[in-house]
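Residue numbers for the sequence shown follow the UniProt record's numbering, so the first one is 1 and each next one is one higher.
From the three backbone atoms N, C-alpha and C, an ideal C-beta is built for every residue, glycine too.
The structure presented is a predicted model; accordingly, all values stated were derived computationally and were not measured.
Working notes for the structure below.
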Amino acid sequence: RRIHFVLINMGKEQYRESDLARKVSRVQFTAGNAELMRQVAHIPVFNSKLYDESPGRWVPVSHGPLDPRLGTCQKHTDCQTCKQNLVDCVGHFGYIDLAIPVFHVGFFRLTIQMLQCICKFCSAMLITGEQKKAFLYQVNNPNLDYLRRKALHKRIVAASKKISVCSRCGHKNGVVKKAVGAVLKIAHAEVIPADNYSDYIYAAQENKELQNLLPKTKFTLLDPLQVQVLFSKIEKEVHLIIITAPKK
């Protein structure tokens, strides 16, 4: 007696759950991390050239900004990923591995506000004691809506800007603001030590107007790598207070 096994080639079908009524509790928007960027992208982009430099050819180079797998930019060619034309193809993501970090333009203002709340030398929160406990209590209020959380964040930043000396390391913190005349650069005003004024003391005593012209602070740029190191040292509780996010 022979038993014949018949193999049926079935195509892949998308799994669909049965219709169930669901209620959305909340929607949270966040910036994707590096791993998520790689997952949603189709190719890595590491070629800075746009087109092939071969004589007589006008073809986008592979792994460049105009790679055909990212979408088509010509009417007579189709996208190599979705096989759609210029009208129907919505475009596809590519990713670039950065050698060093850069500031995110969408979070640039929030980056400055976070720097205004912490010590620029040890990453400790400038607000301490009972004031810190009071803000933490308000942040953990589950009934706080978006507008009140936004107002609370504004009060936390305003209170932090009034404190110049770090209670942990003792360093003096100056004003943090967007650098004037520059794109996506952050400036920090550091207090100049009195020892550096030794050469100007005698001249200032002879000329009172000169004393008003002497700078008492110097602005230094905080590059993205420095800011990344500072943020990596922030304690989790402090981070939740600054961004006014309740504990989960």
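Inter-residue Cα distance where the pair is residue i and residue j
i, j, result
"F93", "L36", "12 Å"
"H153", "P224", "23 Å"
"D51", "Q28", "Asp is not the amino acid found at residue 51; the sequence shown has Tyr there. Roughly 40 Å between the two C-alpha positions."
"Q226", "A187", "12 Å"
"D78", "N143", "52 Å"
"I243", "K75", "47 Å"
"K83", "V45", "20 Å"
"I96", "E237", "33 Å"
"S167", "A34", "35 Å"
"G128", "V165", "Residue identity check: residue 128 is Thr in the sequence provided, not Gly. T128 and V165: Cα-Cα distance of roughly 11 Å."
"A21", "N141", "30 Å"
"A151", "R38", "36 Å"
"T111", "W58", "42 Å"
Reduced DSSP category for residue i - H, G, I as helix; E, B as strand; rest coil
i, result
"L222", "strand"
"V59", "coil"
"A134", "helix"
"V229", "helix"
"P68", "helix"
"V165", "strand"
"A189", "strand"
"G174", "coil"
"I243", "coil"
"I100", "coil"
"K83", "coil"
"I118", "strand"
"I43", "strand"
Residue i, buried or exposed, once every other Cβ within 10 Å from all chains shown has been counted against 16
i, result
"D145", "exposed"
"M114", "buried"
"P60", "buried"
"V183", "exposed"
"C119", "buried"
"G181", "exposed"
"F107", "exposed"
"N173", "buried"
"S25", "exposed"
"L126", "buried"
"S48", "exposed"
"V87", "exposed"
"S123", "buried"
Expected contact under 8 Å - CB spacing of residue i and residue j to nearest Å
i, j, result
"P65", "Q228", "Between Q228 and P65 the Cβ distance is about 26 Å, and since that is not below 8 Å, they are no contact."
"Q131", "K161", "Wrong, their Cβ atoms sit about 13 Å apart, outside the cutoff."
"I234", "L136", "The pair is not a contact, with the Cβ atoms about 14 Å apart (cut-off 8 Å)."
"K185", "L221", "6 Å"
6 Å Cβ shell around residue i - same chain, five flanking residues per side excluded
i, result
"V40", "F93"
"F121", "C169 and H171"
"V175", "A189"
Close beta carbons around residue i, own chain, < 7 Å, minus the five adjacent residues each side
i, result
"N9", "Confidence in N9 is poor, its pLDDT being 48 and thus under 50, which makes the residue's placement unreliable; the coordinate value appears in the next sentence. Taken in chain order, the list of residues that qualify is empty."
"C89", "G71, T72, C79 and C82"
"V157", "Q113, Q116 and C117"
"A159", "I127 and Q131"
"H104", "A31"
8 Å CB neighbourhood of residue i in its chain, flanking five on each side removed
i, result
"H42", "R69, L70, T81, H92, F93 and G94"
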